[in-house]
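With my numbering applied, the sequence shown has no gaps in its numbers, which climb one by one up to 433 at the end.
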Amino acid sequence: MTNNNDREWPYTSVNHDAVDERHHGAINIPIYQTSLFAFETYDKFQQAARNPQVEHVYSRGNNPTVRYLEDKLAELERAETAKCFASGMAAISAAILSTVKTGDHIVCVDQAYGPTRDFVTRYLRRFGIESTLVDGSSPDHIRDALRPETKLIYLESPTSMLFQLQDLAACAALARSRGIVTIVDNSWATPIFQRPLELGIDLVVHSITKYISGQSDSVAGVVLGSGQLVGRIANDEYMLLGGIMTAYTAAQITRSLRTLPLRMERHERSALTVAAHLAEQSHVLRVNHPALDSHPQRELGLRQMSGSSGLFSFESAEPVEKMRQWAGRLRMFKIGVSWGGFESLVTVNPAGASCAEGARSLIRLHIGLESAADLILDLDQTWAAVSSEGGDDGPGA
Ligand SMILES: Cc1ncc(COP(=O)(O)O)c(C=O)c1O
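Structure below.
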């Protein structure tokens, strides 16, 4: 039974399973809280040990609770297979390491998540791996940065500060024509709204910590792609560096997955309402949200994504100190890093932020699952209070 409605099929995918008699028909996958698996005979042990990624030998290789989640995530992302990790950065660093060796070169988008850029540009240099950061808004910039020794193009679309997109299909075609591997961080859109493997990208990585978890109670990551590429990562970076996901975390994330499509639709709707409201305020110069008509890559967004999530930013001509005063007095928005959870968050000029010309501050908002009307009221009332105290004209229309 397949349902091709882009908005509907994930609901069945995450909520329906055949009865699994290996688990006595348990409706939820049991938590296999075990480090190792024992065998009745030496023959069976030796047979399993030949294939530790498929058979159950040791939980650093394969644990049934984690495997269940990996299969679900692979189905959602339309990947052949998936490997879950202890964090998004464990997944990202493993995926990158699997593609390069000494003497190779990486092209990475200059707006990628800060620690990813740090890993590529500083950490990998010690192993003789060079890199170039590029403006990813055009595949031409990426093409211009390629060298004969380039082995990886690392993308993040949209980026999580200014929400720039990369043309995934064009980047994938360019990379394939030169035998270069492509990786995309898909944490913002999730497989609910964007499936880069269908556009020709080789590997997708996620910080599961964000929307896939959605509960702000877990740190986790995943790499998805072909059996060949992910299998290599599983045998090397996963087994040797050991940044594994525990069975308990996998059970928590599996529980979260049941509501992922529902939550994403809610984040999308509320964030668009708040973003459109902010775009009309006189103290807001620009709202960076890929699904607003004002976004310079709106057309590309419509082509490669079927929806949008709850994280966006806006730029203001007001000084950082004033915006931080405002942020600190918001009641509905907590000040904090990360995003993707049930709670709304605010940061002003977070680390790595840069504003476009004319702007003095960059404010990043995560729109949680609260009422959008309550969030807007809080944003407006707090702005009015802060502005009146500063002898300002108050909020714009
Ligand atoms: C876009 C993006 N990718 C990756 C990561 C890293 O994920 P984790 O914190 O789970 O290691 C983050 C974390 O904030 C992120 O924002």
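For every residue, glycine included, the Cβ atom is placed at its ideal position computed from N, Cα and C.
Have a look at residue i and residue j and give me their C-alpha separation to the nearest angstrom.
i	j	result
VAL220	GLN147	13 Å
GLY430	LEU204	Residue confidence for GLY430 is low, a pLDDT of 43 falling below 50, so the modelled location carries little weight; the figure read from the coordinates is stated next. In a straight line, the C-alpha of GLY430 is about 42 Å away from that of LEU204.
SER344	THR282	30 Å
GLY432	GLU316	Low confidence applies to GLY432: its pLDDT is 37, below 50, so where it sits in the model is not reliable, and the reading given next is rough at best. C-alpha separation (whole angstroms): 8 Å.
SER349	ASN324	5 Å
ALA415	ALA127	One detail in the question is off: residue 415 reads as Leu in this sequence, not Ala. Approximately 36 Å, taken between the alpha carbons.
TRP224	PHE75	43 Å
GLU335	GLU57	48 Å
ILE280	GLN288	15 Å
HIS29	ASN271	Beyond the ends of the chain as shown, which are 37 and 433, falls residue 29; an answer cannot be given.
GLY426	SER407	29 Å
LEU160	HIS313	43 Å
ALA420	ARG360	14 Å
HIS331	ILE228	21 Å
SER174	HIS141	20 Å
ILE67	ALA122	16 Å
SER380	THR195	19 Å
ASN64	HIS92	19 Å
VAL156	MET275	21 Å
VAL102	TYR284	9 Å
ASN98	ALA85	11 Å
GLY172	GLN200	8 Å
ARG153	CYS207	19 Å
LEU169	GLY394	24 Å
ALA307	PRO232	23 Å
PRO100	ALA286	10 Å
ALA54	TRP45	16 Å
TYR190	GLN333	19 Å
GLU351	PRO386	12 Å
Beta carbon of residue i, beta carbon of residue j: below 8 Å?
i	j	result
ILE403	VAL384	no
LEU405	VAL310	no
GLY337	ALA327	yes
GLU185	VAL145	no
LEU259	ILE244	Correcting the residue type first, residue 259 is Val in the shown sequence and not Leu. Contact: no.
ALA131	VAL241	yes
GLN320	ARG365	Reading off the sequence, residue 320 comes out as Val, not Gln. No, the pair does not count as a contact, with Cβ atoms beyond the cut-off.
GLY215	ASP238	no
ARG396	VAL356	yes
TYR104	THR226	no
GLN340	LEU210	no
GLN89	GLY267	yes
LEU413	TRP375	no
SER390	ASP42	no
GLY164	GLY124	no
VAL217	LEU188	yes
SER95	SER71	yes
Original post:
Hey, is the segment 132 to 141 in contact with the segment 113 to 121, meaning 3+ C-beta pairs nearer than 8 Å?
Top reply: Contact between the segment 132 to 141 and the segment 113 to 121 is absent, because fewer than three Cβ pairs lie under 8 Å.
Original post:
Would the segment 248 to 257 and the segment 283 to 295 be scored as touching if the rule is three or more Cβ pairs under 8 Å?
Top reply: As far as the Cβ criterion goes, the segment 248 to 257 touches the segment 283 to 295, which means the pair count is three or higher.
Original post:
Would you say the segment 45 to 55 touches the segment 95 to 114, given that touching needs at least three Cβ pairs under 8 Å?
Top reply: With the cut-off at 8 Å, the segment 45 to 55 and the segment 95 to 114 touch.
Original post:
What alpha helix (DSSP H) runs, 4 residues minimum, are completely inside the segment 110 to 189?
Top reply: Fully enclosed alpha helix (DSSP H) runs of 4 or longer: 124 to 133, 150 to 154, 175 to 181.
Original post:
Mind pulling the alpha helix (DSSP H) runs of 4 or more residues that sit fully within the segment 324 to 360?
Top reply: Runs found: 334 to 340.
Original post:
Fully enclosed by the segment 223 to 252, which beta strand (DSSP E) runs are 3 residues long or longer?
Top reply: Those beta strand (DSSP E) runs which fall completely within the segment 223 to 252 and span 3+ residues are 239 to 243.
Original post:
Which runs of the alpha helix (DSSP H) fall wholly inside the segment 357 to 427 and span at least 4 residues, in chain order?
Top reply: Listed in chain order, they are 408 to 425.
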